[in-house]
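2 protein chains.
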Amino acid sequence: MGGVSTAGDRVDRVPKQDRSRVTRQRLLEAAVACLAEHGWAGSTVSVVAERAGVSRGAAQHHFPTREDLFTAAVEYVAEERSLALRALFPEGGADRHAVVAALVDLYTGPLFRAALHLWVAASDEEQLRPRVTELEARVGRETHRIAVDLLDADESRPGVRETVQGLLDMARGLGLANLLTDDTGRRARVVAQWARLLDEALG
Amino acid sequence: MGGVSTAGDRVDRVPKQDRSRVTRQRLLEAAVACLAEHGWAGSTVSVVAERAGVSRGAAQHHFPTREDLFTAAVEYVAEERSLALRALFPEGGADRHAVVAALVDLYTGPLFRAALHLWVAASDEEQLRPRVTELEARVGRETHRIAVDLLDADESRPGVRETVQGLLDMARGLGLANLLTDDTGRRARVVAQWARLLDEALG
Numbered sequence: 001m002g003g004v005s006t007a008g009d010r011v012d013r014v015p016k017q018d019r020s021r022v023t024r025q026r027l028l029e030a031a032v033a034c035l036a037e038h039g040w041a042g043s044t045v046s047v048v049a050e051r052a053g054v055s056r057g058a059a060q061h062h063f064p065t066r067e068d069l070f071t072a073a074v075e076y077v078a079e080e081r082s083l084a085l086r087a088l089f090p091e092g093g094a095d096r097h098a099v100v101a102a103l104v105d106l107y108t109g110p111l112f113r114a115a116l117h118l119w120v121a122a123s124d125e126e127q128l129r130p131r132v133t134e135l136e137a138r139v140g141r142e143t144h145r146i147a148v149d150l151l152d153a154d155e156s157r158p159g160v161r162e163t164v165q166g167l168l169d170m171a172r173g174l175g176l177a178n179l180l181t182d183d184t185g186r187r188a189r190v191v192a193q194w195a196r197l198l199d200e201a202l203g
Numbered sequence: 001m002g003g004v005s006t007a008g009d010r011v012d013r014v015p016k017q018d019r020s021r022v023t024r025q026r027l028l029e030a031a032v033a034c035l036a037e038h039g040w041a042g043s044t045v046s047v048v049a050e051r052a053g054v055s056r057g058a059a060q061h062h063f064p065t066r067e068d069l070f071t072a073a074v075e076y077v078a079e080e081r082s083l084a085l086r087a088l089f090p091e092g093g094a095d096r097h098a099v100v101a102a103l104v105d106l107y108t109g110p111l112f113r114a115a116l117h118l119w120v121a122a123s124d125e126e127q128l129r130p131r132v133t134e135l136e137a138r139v140g141r142e143t144h145r146i147a148v149d150l151l152d153a154d155e156s157r158p159g160v161r162e163t164v165q166g167l168l169d170m171a172r173g174l175g176l177a178n179l180l181t182d183d184t185g186r187r188a189r190v191v192a193q194w195a196r197l198l199d200e201a202l203g
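Protein sequences appear in the order of chains A and B. With UniProt numbering applied, the first sequence corresponds to residues 1 to 203, in that order. With UniProt numbering applied, the second sequence corresponds to residues 1 to 203, in that order.
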């Protein structure tokens, strides 16, 4: 007890918190991979815990319900991707074609597959729906903000907001088109043309 | 036997074929509604037969497998919608804003929800995947042809093909954005703006 014990507690606590954070992160990453590969029906807390090499009890300590785990996972990976996207263009004033291509890339990887599975499941399951709706709105707003910044778009001009929104809708549609087949070639041509249209529209 | 019997057969056969066609149609429409409401997991031949008021045996006579029924259903309703879309603009030279709005409407109803459930299921199920991939390609080509005709787009000009493709990708993305919430207001503004940009791009 006393000073020594407190100091000892402190020393123990730091790596414990680190371990806990690492465990949480591994669970979130495993959850997105699982959702992308097996869909909602095949994605449970147990399956994710096993994939992450974490006990089921530890998984449930971090995420009491299946909904907690998978919505947190999609949000976490979306945030990571947003940070990575901003880091790609640290200077501003980037080439708009490169920005459009990078924005579209957000919708063609495992994160989009995972989010799509979650959206579709939420459209059928009342328990999941409000949480995924809120998550989608939050992630959508953040992506829109990043797009406006990176494209150097002046939203005070009429039509600019809707131009950027339509671009992100197109990106989402391109993600869907890539679900069953590798759409890379066609996508690159569409991106090149729409980047031109956007560049003219944004001035 | 002989002349009389043949004549009798003929008389019987016509209404029987009609009945068979009507049964088939009811099954296809019930299948799309079922898929849109309950997703792939909740959609079986039995559930659809009951909804259509058809015996399970009759349903299986028309569609031996679950995959047969649901891919035929999405294709049938997509064809119906294509015909309806062409019928909306019989004259050609239509207002491009109206055409863009009608194209986007293809992706916001029960057909899109049904197709989305089928696509997502196909991305996980090997049995379904090749059939849905082929169906998606066929429906996509037909929608592209209609869009080019109705927009009076000259695909021999560079970039025009990709402009129209991007528009249909945007329409698909707008469909996805409408899955969990009623996105009608935002969608109308995006459609108005991109119809303007498209009109300029297509000349």
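Virtual Cβ for every residue (Gly too), placed ideally from N, Cα, C. Note that this is a predicted model, so its numbers are computed, not measured.
Are the CB atoms of residue i and residue j nearer to each other than 7 Å?
i: B:Ala137; j: B:Val164; result: no
i: A:Ala36; j: A:Ala102; result: no
i: A:Ser82; j: A:Glu126; result: no
i: A:Trp40; j: A:His97; result: no
i: B:Leu85; j: A:Leu197; result: no
i: B:Ala195; j: B:Val100; result: yes
i: B:Met170; j: A:Gly166; result: yes
i: B:Gly175; j: B:Thr108; result: yes
i: B:Arg172; j: A:Gly173; result: yes
Got a sec? Which residues, its chain only, sit under 6 Å from residue i by beta carbon, not counting five neighbours each side?
i: A:Ala49; result: Arg56, Ala59
i: A:Leu135; result: Thr71, Glu75
i: B:Val139; result: Ala78
i: A:Arg19; result: none
i: B:Asn178; result: Thr108
i: B:Ala153; result: Val160, Val164, Leu202
i: B:Asp199; result: Arg96
i: B:Pro15; result: none
i: A:His38; result: none
i: A:Ser43; result: Cys34, Leu35
Excluding the five sequence neighbours on either side, which residues of its own chain have a C-beta within less than 7 Å of the C-beta of residue i, listed in chain order?
i: A:Arg131; result: Glu67, Thr71
i: B:Leu88; result: Ala102
i: B:Leu128; result: Glu67, Ala121, Ala122
i: A:Arg24; result: His62
i: B:Leu150; result: Phe89, Ala94, Val99
i: A:Ser5; result: Summary for A:Ser5: the model assigns pLDDT 45, below 50, so the residue's position carries little reliability, and this model does not support an answer.
i: B:Val47; result: Cys34
Spatial neighbours of residue i within its chain, please: C-beta separation below 8 Å, excluding the five flanking residues on both sides.
i: A:Leu111; result: Val32, Ala36, Val74, Val77, Ala78, Arg81
i: A:Phe63; result: Leu27, Val45, Leu69, Ala72
i: B:Ala192; result: His97
i: A:Glu91; result: none
i: B:Arg51; result: Ala30, Ala33, Cys34
i: B:Leu168; result: Leu103, Gly140, Thr143, His144, Ala147
i: A:Glu162; result: none
Helix, strand or coil for residue i? Go by DSSP, reduced to three states.
i: B:Arg189; result: helix
i: A:Tyr107; result: coil
i: B:Ala36; result: helix
i: B:Ala158; result: First, the amino acid is wrong: residue 158 of chain B is Pro here, not Ala. The answer is coil: DSSP assigns B:Pro158 none of H, G, I, E or B.
i: B:Thr23; result: helix
i: A:Val4; result: Note that A:Val4 has pLDDT 44, beneath the 50 cutoff, so the model's placement of it is unreliable and no number is given.
i: A:Arg196; result: helix
i: B:Pro90; result: coil
i: B:Asp18; result: helix
i: A:Thr184; result: helix
i: A:Leu69; result: helix
i: B:Ala41; result: coil
i: A:Asp169; result: helix
i: B:Gly203; result: coil
i: A:Ala124; result: Looking at the sequence shown, residue 124 of chain A is not Ala but Asp. Helix, per DSSP.
i: B:Asp152; result: coil
i: A:Leu179; result: coil
*asked:* Does the structure place the region 31 to 40 of chain B close enough to the region 66 to 81 of chain B that three or more beta carbon pairs sit under 8 Å?
replied: yes
*asked:* Does the contact criterion of 3 or more C-beta pairs under 8 Å hold for the region 182 to 192 of chain A versus the region 184 to 196 of chain B?
replied: no
*Segment contact flag, the region 115 to 125 of chain A with the region 145 to 161 of chain A, C-beta cutoff 8 Å, min 3 pairs*: no
*Can you list, in chain order, the stretches of the alpha helix (DSSP H) that have 4 or more residues and sit fully within the UniProt DNA-binding region "H-T-H motif" (44 to 63) of chain B?*
45 to 52, 56 to 62
*Would you list, in chain order, the members of the region 128 to 141 of chain B that have their beta-carbon closer than 7 Å to a beta-carbon of chain D?*
The chain inventory of the structure shown lacks chain D, comprising the protein chains A and B.
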